[in-house]
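A short write-up of the structure that comes next.
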Amino acid sequence: MSEAQVTLYTYFRSSCSARLRIALHLKNIQYTPVFVNLLRDEQTTPAHRSINPSGTVPTLFVQRPHQEQPPVIITQSLAALEYLDEAFPDQGPKLLPPDPETRVLVRTLAQIIGCDVQPVTNLRILKRVAPMGADRTVWSKDLIEDGLCAYETLASSSAGRFSVGDQITMADVCLAPAVWGAERVGVDLSAFPTIHRIAQNLEKEDAVQRGHWQTQPDTPEELRAK
């Protein structure tokens, strides 16, 4: 798979896109970004839905070395992370541990973020709750704190430098963007000491820095890291 051509449909502030950016950098997989501006509803255009029927980002598009083979198109970030781990086994760290007990813990932590936190705090949902009178920041903060509380409880027993031991896993790849989102809405990470410590370690990693929303080519100039 080393000669595969990889394309990532991404948006700088999409936490799901950030998961894949981090993973691709961790595994030293070169990719071409295609920028989809969610604020301009570019994700809902017929052209984009022809690639991603859900009308979301990210989409991982992999053209395998033999051009006669159809491309692999993955429109869900957790599935894409597992695909990268399986399709590029010799590149970078393994995102999923080899033994089933540790692997299921990593998947559980990743799904707390991917199923319990992100879907109910993403832009599509925030647009729907605002007309009902919900304060978007309060809504997001409460739901993020609920999810981080569950993550903290599990990770407090499994963490080393990262969420499960001392190796970055799929759980951490999901956690880092979730922490960025939590900080944006005013979550006090000191209430989650294990997560806070893991996040500090993650921020030192080159792949995490390169995947950060403030460092992307489509990040507006006024929001870029100084």
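Using my numbering, read the sequence shown as starting at -19 and increasing by one per residue. For each residue, glycine too, the CB sits at the ideal point set by N, CA and C.
Cβ-Cβ separation, residue j to residue i (assumed contact under 8 Å), whole Å
{"i": "residue 63", "j": "residue 31", "result": "About 16 Å; that fails the 8 Å criterion."}
{"i": "residue 254", "j": "residue 191", "result": "What is shown of the chain runs -19 to 206, which leaves residue 254 out entirely."}
{"i": "residue 187", "j": "residue 5", "result": "4 Å"}
{"i": "residue 73", "j": "residue 148", "result": "6 Å"}
{"i": "residue 18", "j": "residue 103", "result": "6 Å"}
{"i": "residue 121", "j": "residue 153", "result": "No, residue 121 and residue 153 are not in contact; Cβ-Cβ is about 23 Å, not under 8 Å."}
{"i": "residue 158", "j": "residue 97", "result": "6 Å"}
{"i": "residue 156", "j": "residue 182", "result": "5 Å"}
{"i": "residue 37", "j": "residue -5", "result": "Their Cβ separation, rounded to whole angstroms, is 10 Å, which puts residue 37 and residue -5 out of contact at 8 Å."}
Those residues which DSSP pairs with residue i across a bridge
{"i": "residue 140", "result": "BP columns for residue 140 are empty, so no partner."}
{"i": "residue 169", "result": "Answer is none; residue 169 lacks a bridge partner."}
Distance, residue j Cα to residue i Cα
{"i": "residue 67", "j": "residue 61", "result": "10 Å"}
{"i": "residue 89", "j": "residue -3", "result": "18 Å"}
{"i": "residue 27", "j": "residue 174", "result": "43 Å"}
{"i": "residue 86", "j": "residue 178", "result": "14 Å"}
{"i": "residue 171", "j": "residue 49", "result": "50 Å"}
{"i": "residue 129", "j": "residue 65", "result": "28 Å"}
{"i": "residue 197", "j": "residue 84", "result": "35 Å"}
{"i": "residue 137", "j": "residue 146", "result": "13 Å"}
{"i": "residue 209", "j": "residue 71", "result": "Nothing in the structure corresponds to residue 209, since the chain is present only between -19 and 206."}
{"i": "residue 94", "j": "residue 69", "result": "23 Å"}
{"i": "residue 25", "j": "residue 35", "result": "8 Å"}
{"i": "residue 140", "j": "residue 201", "result": "36 Å"}
Where residue i falls: helix, strand or coil (DSSP)
{"i": "residue 148", "result": "coil"}
{"i": "residue 16", "result": "coil"}
{"i": "residue -11", "result": "strand"}
{"i": "residue 98", "result": "helix"}
{"i": "residue 200", "result": "coil"}
{"i": "residue 105", "result": "helix"}
{"i": "residue 11", "result": "coil"}
{"i": "residue 113", "result": "coil"}
{"i": "residue 163", "result": "helix"}
{"i": "residue 3", "result": "helix"}
{"i": "residue 206", "result": "coil"}
{"i": "residue -17", "result": "coil"}
{"i": "residue -5", "result": "helix"}
Any chain C beta carbon closer than 8 Å to residue i
{"i": "residue 4", "result": "No chain C appears in the structure shown, which is made up of a single protein chain."}
Legend entry - Start-end ranges of the beta strand (DSSP E) lying completely within the stretch 19 to 94, minimum 3 residues: 39 to 43, 52 to 54
Inset, instruction - Tell me the start and end of each unbroken alpha helix (DSSP H) in the stretch 170 to 198 that is at least 4 residues and wholly inside, in chain order. - result: 173 to 182, 186 to 191
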